[in-house]
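Enquirer: Below: one structure in C-alpha coordinates.
Here it is, written out as C-alpha coordinates:
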(Lines of atoms letter the chains of each structure in order from A and count residues from 1; the text may use other names and numbers.)
(Lines give C-alpha, C1' and ligand atoms only; values in the text may rest on other atoms or scores of the structure.)
Protein backbone atom coordinates (compact mmCIF):
# COMPACT_ATOMS: atom_id res chain seq x y z
CA UNK A 1 0.00 0.00 0.00
CA UNK A 2 1.50 3.34 -0.93
CA UNK A 3 1.89 5.70 1.96
CA UNK A 4 1.14 9.30 1.14
CA UNK A 5 3.80 11.88 1.83
CA UNK A 6 1.88 15.10 2.17
CA UNK A 7 -0.69 15.77 4.88
CA UNK A 8 -2.81 17.80 2.43
CA UNK A 9 -2.88 14.94 -0.10
CA UNK A 10 -3.97 12.45 2.54
CA UNK A 11 -6.63 14.78 3.95
CA UNK A 12 -8.04 15.39 0.46
CA UNK A 13 -8.20 11.66 -0.34
CA UNK A 14 -9.63 10.80 3.08
CA UNK A 15 -12.35 13.39 2.50
CA UNK A 16 -13.28 11.71 -0.79
CA UNK A 17 -13.35 8.29 0.90
CA UNK A 18 -15.55 9.61 3.73
CA UNK A 19 -17.94 11.17 1.23
CA UNK A 20 -18.21 7.94 -0.75
CA UNK A 21 -18.38 5.55 2.20
CA UNK A 22 -21.42 7.32 3.61
CA UNK A 23 -23.30 6.70 0.37
CA UNK A 24 -22.88 2.93 0.12
CA UNK A 25 -25.47 0.55 1.49
CA UNK A 26 -24.10 -2.89 2.34
CA UNK A 27 -27.22 -4.71 1.14
CA UNK A 28 -27.02 -3.25 -2.36
CA UNK A 29 -24.31 -5.05 -4.32
CA UNK A 30 -22.74 -3.41 -7.31
CA UNK A 31 -22.44 0.22 -6.20
CA UNK A 32 -18.69 0.08 -5.63
CA UNK A 33 -18.31 -1.82 -8.90
CA UNK A 34 -20.22 0.96 -10.66
CA UNK A 35 -18.08 3.68 -9.06
CA UNK A 36 -14.82 1.96 -9.98
CA UNK A 37 -15.97 1.35 -13.56
CA UNK A 38 -17.21 4.93 -13.95
CA UNK A 39 -13.94 6.27 -12.54
CA UNK A 40 -12.00 4.16 -15.00
CA UNK A 41 -14.20 5.15 -17.91
CA UNK A 42 -14.00 8.88 -17.15
CA UNK A 43 -10.47 9.21 -15.80
CA UNK A 44 -8.18 6.54 -17.23
CA UNK A 45 -6.79 7.22 -20.73
CA UNK A 46 -7.93 4.57 -23.18
CA UNK A 47 -4.68 2.80 -23.88
CA UNK A 48 -3.35 -0.56 -22.80
CA UNK A 49 -0.70 0.72 -20.39
CA UNK A 50 -2.95 3.05 -18.43
CA UNK A 51 -5.82 0.56 -18.27
CA UNK A 52 -3.42 -2.16 -17.15
CA UNK A 53 -2.03 0.16 -14.46
CA UNK A 54 -5.56 0.95 -13.24
CA UNK A 55 -6.34 -2.76 -12.94
CA UNK A 56 -3.01 -3.30 -11.16
CA UNK A 57 -4.00 -0.66 -8.59
CA UNK A 58 -7.28 -2.49 -7.97
CA UNK A 59 -5.38 -5.78 -7.62
CA UNK A 60 -2.92 -4.25 -5.14
CA UNK A 61 -5.82 -2.88 -3.09
CA UNK A 62 -7.27 -6.41 -3.05
CA UNK A 63 -3.94 -7.75 -1.80
CA UNK A 64 -3.85 -5.16 1.00
CA UNK A 65 -7.41 -6.04 2.03
CA UNK A 66 -6.48 -9.73 2.18
CA UNK A 67 -3.23 -9.10 4.08
CA UNK A 68 -4.33 -6.44 6.54
CA UNK A 69 -8.02 -7.16 7.11
CA UNK A 70 -9.00 -10.67 5.99
CA UNK A 71 -5.93 -12.59 7.21
CA UNK A 72 -6.18 -11.30 10.80
CA UNK A 73 -9.90 -12.11 10.78
CA UNK A 74 -9.10 -15.65 9.63
CA UNK A 75 -6.46 -15.97 12.37
CA UNK A 76 -9.00 -14.81 14.95
CA UNK A 77 -11.54 -17.40 13.78
CA UNK A 78 -8.89 -20.14 13.89
CA UNK A 79 -8.20 -19.20 17.52
CA UNK A 80 -11.91 -19.24 18.32
CA UNK A 81 -12.93 -22.36 16.39
CA UNK A 82 -9.74 -24.34 15.86
CA UNK A 83 -7.72 -24.94 12.71
CA UNK A 84 -8.38 -27.41 9.92
CA UNK A 85 -6.89 -30.78 10.86
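In the numbering used here, the protein residues as written are 219 to 303.
The beta carbon of each residue, even a glycine, is placed where N, CA and C say it ideally should be.
(1) For the alpha helix (DSSP H) that residue 267 lies in, which residues bound it at each end?
(2) Using DSSP with H/G/I as helix, E/B as strand and the rest coil, what is residue 232?
(3) To the nearest angstrom, how far is it from the Cα of residue 266 to the Cα of residue 274?
(4) Mapping the DSSP letters down to three states, classify residue 252 as helix, strand or coil.
Expert: The relevant details are as follows:
(1) That run of the alpha helix (DSSP H) goes 266 to 283.
(2) The DSSP-derived three-state label of residue 232 is helix.
(3) About 12 Å.
(4) Of the three classes helix, strand and coil, the one that applies to residue 252 here is helix, per DSSP.
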